[in-house]
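So the sequence shown is numbered by full-length UniProt numbering: it starts at 1 and just counts up by one. For each residue, glycine too, the CB sits at the ideal point set by N, CA and C. Just so it is clear, the structure is predicted and the values come from calculations on it, not from any experiment. These notes concern the structure reproduced below.
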Amino acid sequence: MSPVASRRNLPARSRTPSAQQTKSEQTELKLLQTATWLFSERGFHGTSIRDIADAAEVAVSALYYYTNSKDRLLEEIMRRSLGVLTSSAEAAVDGFGEPAERLALLVGSHAVFHARNPRSAAVTDHEFTALSGKVRREILGLRDNYEALWKSVCEAGVRDGTFAERGSVARLALLQMTTGIAHWYRARGELGVPELWEQFATMSLSLMGAERDGERLTFASLELPAAELLIDRAHLPIEPRRKPSGI
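What follows is the structure in structure tokens.
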């Protein structure tokens, strides 16, 4: 049982973190950040458990206290990434009933997540084939649940006449388009996150043929919250913000 799993089974009165627990959590987070960086650079199969231990400056024997294999690290990276991706999307559309607004918010949430967490997103998007058995099925289920949210929004828009019928290809195109942000977006580039959201939302509404009362819908024609709210929700602690110290 991992340190995290064992903590979940403690009675409520014993859950006040000790200095040792805090240090353990920090080490676990460092290992996940290091594994994320290495998997995104070298691929899962191109990274060994010793590579991770060396890059994190942790003894291999100590690393096995936190995980019994690099497969478990990959699983945890994907679970945490998909957890934040899904929760941020659900929170974004909560309280918005119109399909156009909901689609713009889904696009914004997805775009912001990939802009802010490019390495975690790359690992989650491209290393799925490294999973097997029960874990593979469970991660696929998490992905399917997330995509089901997009499907429901697109279908609702078609039903009420806001969107044109484009089929599943349009939804997949929207997801692929915004997922690609992780590969090219740079925080110090010419586009800030608010501008990135605006451009991708407008392109997405156009692709879906979004109209209301005969008027074409764009990002500017919708009432949406500030981008900072989406940025806050997209925070993912395991995303490495710098090169591991041991490399």
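Nearest to residue i (by Cα), restricted to the options the options
i    : options                : result
T67  : T162, L29, E239        : L29
Y146 : D54, S88, M203, E57    : S88
T47  : K70, E25, V169, L31    : K70
F200 : R212, T22, F219        : F219
T127 : S40, D232, D94, A234   : Note on identity: in this sequence residue 127 is Glu, with Thr being the wrong assignment. Of S40, D232, D94, A234, the residue nearest in Cα terms is S40.
Y65  : L31, D213, A35, L175   : L31
D232 : E25, Q33, N117, T34    : N117
R80  : E138, L63, R242, V58   : E138
G214 : M203, G97, F96, A164   : A164
T129 : L140, A121, S120       : L140
L63  : A170, E25, S132        : E25
R42  : L205, R212, R119, R242 : R119
A148 : L131, R166, L175       : L175
R166 : S132, T22, L205        : L205
E198 : G133, A170, L230       : L230
M203 : M177, R242, G133       : M177
R143 : R242, T86, K23, T22    : T86
Anticipated Cβ contact below 8 Å, residue i with residue j, distance rounded
i           : j    : result
A173        : L207 : 7 Å
A56         : P244 : 6 Å
V193        : A104 : Incorrect: roughly 14 Å between the Cβ atoms, too far for contact.
residue 254 : W37  : This structure cannot speak to residue 254, because the chain is shown only from 1 to 247.
E101        : L196 : At roughly 18 Å, the Cβ-Cβ gap does not stay under 8 Å, so E101 and L196 are not in contact.
A234        : V58  : Not really, about 28 Å apart at Cβ, beyond 8 Å.
Beta-carbon gap between residue i and residue j smaller than 7 Å
i    : j    : result
R50  : V60  : yes
P99  : V153 : yes
L74  : F44  : yes
L106 : W150 : yes
I77  : V123 : yes
T162 : A227 : no
D125 : G246 : no
T27  : I52  : no
At least 3 beta-carbon pairs within less than 8 Å: the stretch 96-115 vs the stretch 172-182: Touching, yes, given that three or more Cβ pairs across the two stretches are closer than 8 Å.
contact_flag[the stretch 187-195, the stretch 154-170] where n(CB pairs < 8 Å) is 3 or more: no
Alpha helix (DSSP H) runs wholly inside the stretch 127-165, at least 4 long, in chain order: 133-159
Segments assigned alpha helix (DSSP H), at least 4 residues, entirely inside the stretch 191-217: 193-207
Whole alpha helix (DSSP H) elements within the UniProt domain "HTH tetR-type" (25-85), 4-residue minimum: If we require 4 residues or more, the alpha helix (DSSP H) runs fully inside the UniProt domain "HTH tetR-type" (25-85) come out as 49-56, 60-63.
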